[in-house]
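Quick note on the numbering used here: the sequence shown kicks off at 1199 and runs consecutively.
For reference, the structure discussed in these notes is given below.
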Amino acid sequence: MIDDNGLDICVVGGVVEVDDVDGFLGVLEGYRGPGSIQVVDAGVVAGERHLIHAAEKAFDSWRREPISQSLDMEILLYVVGERQINRALDIAGVDEGRQEIGLVIAGDVDVDAVVDEIGLDVEGSVLSYSNEKEERILKAFDISVNEIEAVGRDKIPMLVLERVSLLDVDR
(Lines of atoms letter the chains of each structure in order from A and count residues from 1; the text may use other names and numbers.)
(Lines give C-alpha, C1' and ligand atoms only; values in the text may rest on other atoms or scores of the structure.)
Protein backbone atom coordinates (compact mmCIF):
# COMPACT_ATOMS: atom_id res chain seq x y z
CA MET A 1 0.00 0.00 0.00
CA ILE A 2 1.24 3.50 -0.80
CA ASP A 3 0.12 6.11 1.72
CA ASP A 4 -0.59 9.81 1.15
CA ASN A 5 3.13 10.61 1.51
CA GLY A 6 4.09 8.21 -1.27
CA LEU A 7 5.56 5.79 1.27
CA ASP A 8 5.09 2.13 0.41
CA ILE A 9 3.80 0.45 3.59
CA CYS A 10 3.19 -3.26 4.01
CA VAL A 11 1.99 -5.05 7.12
CA VAL A 12 2.29 -8.80 7.55
CA GLY A 13 1.16 -10.90 10.48
CA GLY A 14 2.01 -14.42 11.43
CA VAL A 15 3.65 -16.84 13.80
CA VAL A 16 7.40 -17.13 14.17
CA GLU A 17 9.90 -18.96 16.37
CA VAL A 18 12.50 -16.61 17.84
CA ASP A 19 15.52 -18.44 19.26
CA ASP A 20 17.60 -15.33 19.92
CA VAL A 21 16.01 -11.86 19.94
CA ASP A 22 19.21 -10.01 19.02
CA GLY A 23 19.92 -12.44 16.18
CA PHE A 24 16.34 -12.16 14.95
CA LEU A 25 16.49 -8.36 14.96
CA GLY A 26 19.86 -8.54 13.21
CA VAL A 27 18.33 -10.56 10.38
CA LEU A 28 15.61 -7.93 9.96
CA GLU A 29 18.24 -5.18 10.03
CA GLY A 30 20.07 -6.92 7.19
CA TYR A 31 17.01 -6.65 4.95
CA ARG A 32 16.11 -3.08 5.84
CA GLY A 33 18.35 -1.26 3.37
CA PRO A 34 16.99 2.25 2.79
CA GLY A 35 13.57 1.15 4.07
CA SER A 36 12.25 0.37 7.51
CA ILE A 37 11.25 -2.87 9.22
CA GLN A 38 9.65 -2.98 12.64
CA VAL A 39 8.42 -6.10 14.40
CA VAL A 40 5.78 -5.95 17.12
CA ASP A 41 4.00 -8.41 19.37
CA ALA A 42 0.66 -8.98 17.63
CA GLY A 43 -1.05 -9.23 21.03
CA VAL A 44 -1.30 -5.44 21.18
CA VAL A 45 -2.31 -4.89 17.55
CA ALA A 46 -5.91 -3.80 16.99
CA GLY A 47 -5.99 -4.51 13.25
CA GLU A 48 -3.98 -3.84 10.10
CA ARG A 49 -5.24 -0.26 10.06
CA HIS A 50 -3.64 0.25 13.47
CA LEU A 51 -0.19 -0.64 12.10
CA ILE A 52 -0.62 1.34 8.89
CA HIS A 53 -1.84 4.41 10.79
CA ALA A 54 1.10 4.14 13.20
CA ALA A 55 3.57 3.88 10.31
CA GLU A 56 2.05 6.91 8.58
CA LYS A 57 2.18 8.98 11.77
CA ALA A 58 5.74 7.83 12.49
CA PHE A 59 6.86 8.78 8.99
CA ASP A 60 5.29 12.24 9.35
CA SER A 61 7.00 12.67 12.70
CA TRP A 62 10.31 11.41 11.33
CA ARG A 63 10.25 14.05 8.59
CA ARG A 64 9.33 16.90 10.95
CA GLU A 65 10.49 16.35 14.52
CA PRO A 66 11.29 12.73 15.41
CA ILE A 67 10.98 11.34 18.91
CA SER A 68 13.64 8.65 18.39
CA GLN A 69 16.86 8.22 16.45
CA SER A 70 15.56 5.74 13.87
CA LEU A 71 12.43 5.40 11.77
CA ASP A 72 12.10 1.79 12.93
CA MET A 73 11.90 2.89 16.57
CA GLU A 74 9.64 5.80 15.65
CA ILE A 75 7.19 3.26 14.20
CA LEU A 76 7.28 1.20 17.40
CA LEU A 77 6.58 4.28 19.52
CA TYR A 78 3.57 5.14 17.39
CA VAL A 79 2.30 1.55 17.35
CA VAL A 80 1.94 1.71 21.13
CA GLY A 81 1.25 5.45 21.42
CA GLU A 82 4.18 5.85 23.79
CA ARG A 83 7.11 8.29 23.97
CA GLN A 84 9.32 6.11 26.17
CA ILE A 85 11.33 3.53 24.23
CA ASN A 86 11.73 1.13 27.18
CA ARG A 87 7.99 1.16 27.87
CA ALA A 88 7.24 0.65 24.16
CA LEU A 89 9.58 -2.35 24.09
CA ASP A 90 7.93 -3.77 27.23
CA ILE A 91 4.50 -3.41 25.63
CA ALA A 92 5.17 -4.62 22.09
CA GLY A 93 8.69 -6.01 21.89
CA VAL A 94 9.27 -9.60 20.80
CA ASP A 95 10.61 -12.31 23.08
CA GLU A 96 12.25 -15.67 22.57
CA GLY A 97 9.93 -18.52 21.71
CA ARG A 98 6.99 -19.10 19.38
CA GLN A 99 4.81 -16.02 19.07
CA GLU A 100 2.42 -14.02 16.96
CA ILE A 101 4.00 -10.95 15.43
CA GLY A 102 3.24 -8.10 13.11
CA LEU A 103 5.80 -6.74 10.69
CA VAL A 104 5.57 -3.13 9.55
CA ILE A 105 7.64 -2.71 6.42
CA ALA A 106 8.09 0.66 4.75
CA GLY A 107 10.02 1.58 1.66
CA ASP A 108 11.98 -0.58 -0.74
CA VAL A 109 12.21 -3.87 1.17
CA ASP A 110 11.79 -7.37 -0.29
CA VAL A 111 8.87 -8.49 1.89
CA ASP A 112 8.84 -12.07 0.60
CA ALA A 113 12.54 -12.48 1.30
CA VAL A 114 12.09 -11.20 4.86
CA VAL A 115 9.16 -13.54 5.48
CA ASP A 116 11.13 -16.51 4.13
CA GLU A 117 14.32 -15.67 6.01
CA ILE A 118 12.67 -15.42 9.43
CA GLY A 119 10.42 -18.43 8.82
CA LEU A 120 7.19 -16.52 9.34
CA ASP A 121 4.04 -18.61 9.02
CA VAL A 122 1.84 -15.89 7.55
CA GLU A 123 -1.53 -15.63 9.28
CA GLY A 124 -3.14 -12.25 8.72
CA SER A 125 -5.73 -12.95 11.40
CA VAL A 126 -3.14 -12.43 14.16
CA LEU A 127 -3.30 -8.70 13.40
CA SER A 128 -7.08 -8.53 13.79
CA TYR A 129 -8.64 -7.18 16.95
CA SER A 130 -10.20 -9.95 19.04
CA ASN A 131 -11.79 -10.40 22.45
CA GLU A 132 -8.74 -12.44 23.47
CA LYS A 133 -6.58 -9.33 23.00
CA GLU A 134 -8.97 -6.94 24.74
CA GLU A 135 -7.54 -6.95 28.26
CA ARG A 136 -3.97 -6.51 27.07
CA ILE A 137 -4.90 -3.76 24.62
CA LEU A 138 -6.95 -1.86 27.21
CA LYS A 139 -3.97 -1.92 29.57
CA ALA A 140 -1.37 -1.06 26.92
CA PHE A 141 -3.33 1.95 25.67
CA ASP A 142 -4.76 2.99 29.04
CA ILE A 143 -8.34 2.76 27.79
CA SER A 144 -10.80 3.20 30.64
CA VAL A 145 -14.09 1.49 31.39
CA ASN A 146 -15.76 4.90 31.08
CA GLU A 147 -14.48 5.29 27.52
CA ILE A 148 -15.76 1.84 26.58
CA GLU A 149 -19.15 2.56 28.14
CA ALA A 150 -19.33 5.83 26.21
CA VAL A 151 -18.51 4.43 22.76
CA GLY A 152 -19.07 0.67 23.02
CA ARG A 153 -16.70 -2.31 22.98
CA ASP A 154 -16.85 -2.51 19.19
CA LYS A 155 -15.05 0.86 19.03
CA ILE A 156 -11.95 -0.26 20.94
CA PRO A 157 -9.87 -0.41 17.72
CA MET A 158 -10.89 3.21 17.02
CA LEU A 159 -9.80 4.22 20.53
CA VAL A 160 -6.42 2.63 19.77
CA LEU A 161 -6.12 4.71 16.58
CA GLU A 162 -6.94 7.77 18.67
CA ARG A 163 -4.12 6.93 21.10
CA VAL A 164 -1.71 6.57 18.19
CA SER A 165 -2.75 10.01 16.91
CA LEU A 166 -2.52 11.58 20.36
CA LEU A 167 1.20 10.89 20.50
CA ASP A 168 1.64 13.96 18.27
CA VAL A 169 -0.31 16.10 20.73
CA ASP A 170 1.69 14.90 23.75
CA ARG A 171 4.94 16.46 22.52
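Beta carbons: idealized from backbone N, C-alpha and C, even for Gly.
Everything numeric in this text was worked out from a predicted model, so none of it was measured.
Check, Outcome
"Secondary structure of G1295, DSSP reduced to three states", "strand"
"Candidates V1209, Y1229, L1359 and D1340, of which the one nearest A1240 by Cα", "V1209"
"Rounded distance between the beta-carbons of F1222 and V1216, thought under 8 Å", "5 Å"
"Segment contact flag, the stretch 1350-1364 with the stretch 1243-1255, C-beta cutoff 8 Å, min 3 pairs", "yes"
"Length at least 3, wholly inside the stretch 1248-1319: the beta strand (DSSP E) runs in chain order", "1295-1304"
"Spatial distance of M1199 from V1307 (CA atoms)", "Low confidence applies to M1199: its pLDDT is 48, below 50, so where it sits in the model is not reliable, and the reading given next is rough at best. Answer to the nearest angstrom: the Cα atoms are 13 Å apart."
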